[in-house]
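These protein sequence lines are chains P and Z, in that order. To get my numbering, take the position in the first sequence, counting from 1, and add 320. To get my numbering, take the position in the second sequence, counting from 1, and add 320. Quick reminder that beta carbons are idealized off the backbone N, C-alpha and C, glycines included.
Protein chains: 2
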Amino acid sequence: MGIFIASDHAGFELKEYLKNHFDLLDLGTHSAESCDYPVFAKKLIVRLKEGDRGVLICGTGIGMSIAANRFQNVRAALCFNEEMAVLSRQHNDANVIVLGARMISKEVARKCVEKFLATDFEGGRHQRRLDLIADGCSNTD
Amino acid sequence: MGIFIASDHAGFELKEYLKNHFDLLDLGTHSAESCDYPVFAKKLIVRLKEGDRGVLICGTGIGMSIAANRFQNVRAALCFNEEMAVLSRQHNDANVIVLGARMISKEVARKCVEKFLATDFEGGRHQRRLDLIADGCSNTD
Chain P
321 MGIFIASDHA GFELKEYLKN HFDLLDLGTH SAESCDYPVF AKKLIVRLKE GDRGVLICGT
381 GIGMSIAANR FQNVRAALCF NEEMAVLSRQ HNDANVIVLG ARMISKEVAR KCVEKFLATD
441 FEGGRHQRRL DLIADGCSNT D
Chain Z
321 MGIFIASDHA GFELKEYLKN HFDLLDLGTH SAESCDYPVF AKKLIVRLKE GDRGVLICGT
381 GIGMSIAANR FQNVRAALCF NEEMAVLSRQ HNDANVIVLG ARMISKEVAR KCVEKFLATD
441 FEGGRHQRRL DLIADGCSNT D
């Protein structure tokens, strides 16, 4: 399992911090100079194979979350506490965790990544819901 | 501008609460009985026209956020404080706000929706980033 990380300038410092705590493949950005988060979302997504995990960071996490979830092979979960990180795996089988560097502390971010990497998907009714998403949310109208 | 709201069972109570504070078009669910969030994400998304806004609620907000952002006409922002709600509009031109009913208080949720409805998009460099998302995040690899 490869674990990739990417961020924009707002997430650069948190990305460097997390690299000290986990074995992460860094796909940039490589400085605090202003850049465009969608470019770094895509740099990570194109590397994600079945079973891999990703960590995406921007200021709030919102932009990365929108960009990443455009891709059918991605289930990106914006998390702001450990409980969400656990549930993102148990219920959503998230393969990408998204963090808002300007919204949570480095410590909370570290704990979120820890839970995200350690928790398994529960399947069952949650798989049915993921199937609905993969199927365009079904024909309900 | 139409303002639509939808939730799964976990978000039902918060949805009812928000309806007391804003003029919202309720697309269900209509009870606390277990249901599948992607179905209700889609019920809302198919109604969203240019200029409309949406509020989607599930337990954490993660599932709704994944499902909604699959659609090209949606920029769905999972928010857990007022600052994010403001930034979701200023930077991401979000047309859907996503709330995690089991993660934030009703009061915080209400304030998030208030800011979400009252804040304008800033354009500029943020528009360039939205264009990158719309364009599949461009060819960077």
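Ranked by Cα distance from P:D440, the first of P:D451, P:R373, P:I382 and P:N401 is P:R373.
Between the beta-carbon of Z:N389 and that of P:S351 there is about 28 Å, and that puts the pair past the 8 Å contact cut. Nearest C-alpha to P:E353 among P:D343, P:S327, P:L344 and P:E370: P:S327. Using a Cβ-Cβ cut-off of 8 Å, Z:I382 is close to A397, L398, C399, M404, L407, S408, H411, N412 and A414 of chain P, given in chain order. Annotation for P:K431: E402 place their beta carbon closer than 7 Å to its own, counting only its chain and skipping 5 residues before and after. Excluding residues up to 5 positions away in sequence, A388, F391 and V394 lie with their Cβ nearer than 7 Å to the Cβ of Z:I365 in the same chain.
A Cβ-Cβ separation of about 5 Å places P:M404 in contact with Z:T380 under the 8 Å criterion.
When rounded, the separation of the alpha-carbon atoms in P:L437 and Z:C457 is 26 Å. For P:D356 and Z:G322, the gap between their C-alpha atoms comes out near 31 Å. Those residues of the segment 345-369 of chain Z placed with their C-beta closer than 9 Å to a C-beta in chain P are S354, D356, Y357, P358, V359, F360, A361, K362, K363, I365, V366 and R367, ordered along the chain. Shown here for P:L398: same chain residues with a beta carbon closer than 6 Å to its own, the five before and five after excluded, namely G381, S385 and V418 in chain order.
Put simply, of P:H329, P:E427, P:R449 and P:A454 the residue whose alpha carbon is nearest the alpha carbon of P:G383 is P:H329. Under a 10 Å Cβ-count criterion, P:F400 is classified as buried, with 16 or more other Cβ atoms of the shown protein chains found around its own Cβ. The three-state secondary structure of Z:D346, taken from DSSP, is strand.
Between Z:G348 and the set Z:A414, Z:Q447 and Z:K363, the nearest pair of CA atoms involves Z:K363.
Take P:V406, set aside five residues on each side of it, and the residues of its chain with a beta-carbon closer than 6 Å to its own are K435 and T439, in chain order.
When DSSP states are grouped into helix, strand and coil, P:L452 belongs to the helix group. It is roughly 16 Å from the alpha-carbon of P:G420 to the alpha-carbon of Z:Q410. Remark: C-beta atoms of Z:L344 and Z:L338 approach each other more closely than 8 Å.
Pairing Z:F324 with Z:R367 gives a Cβ-Cβ distance under 8 Å.
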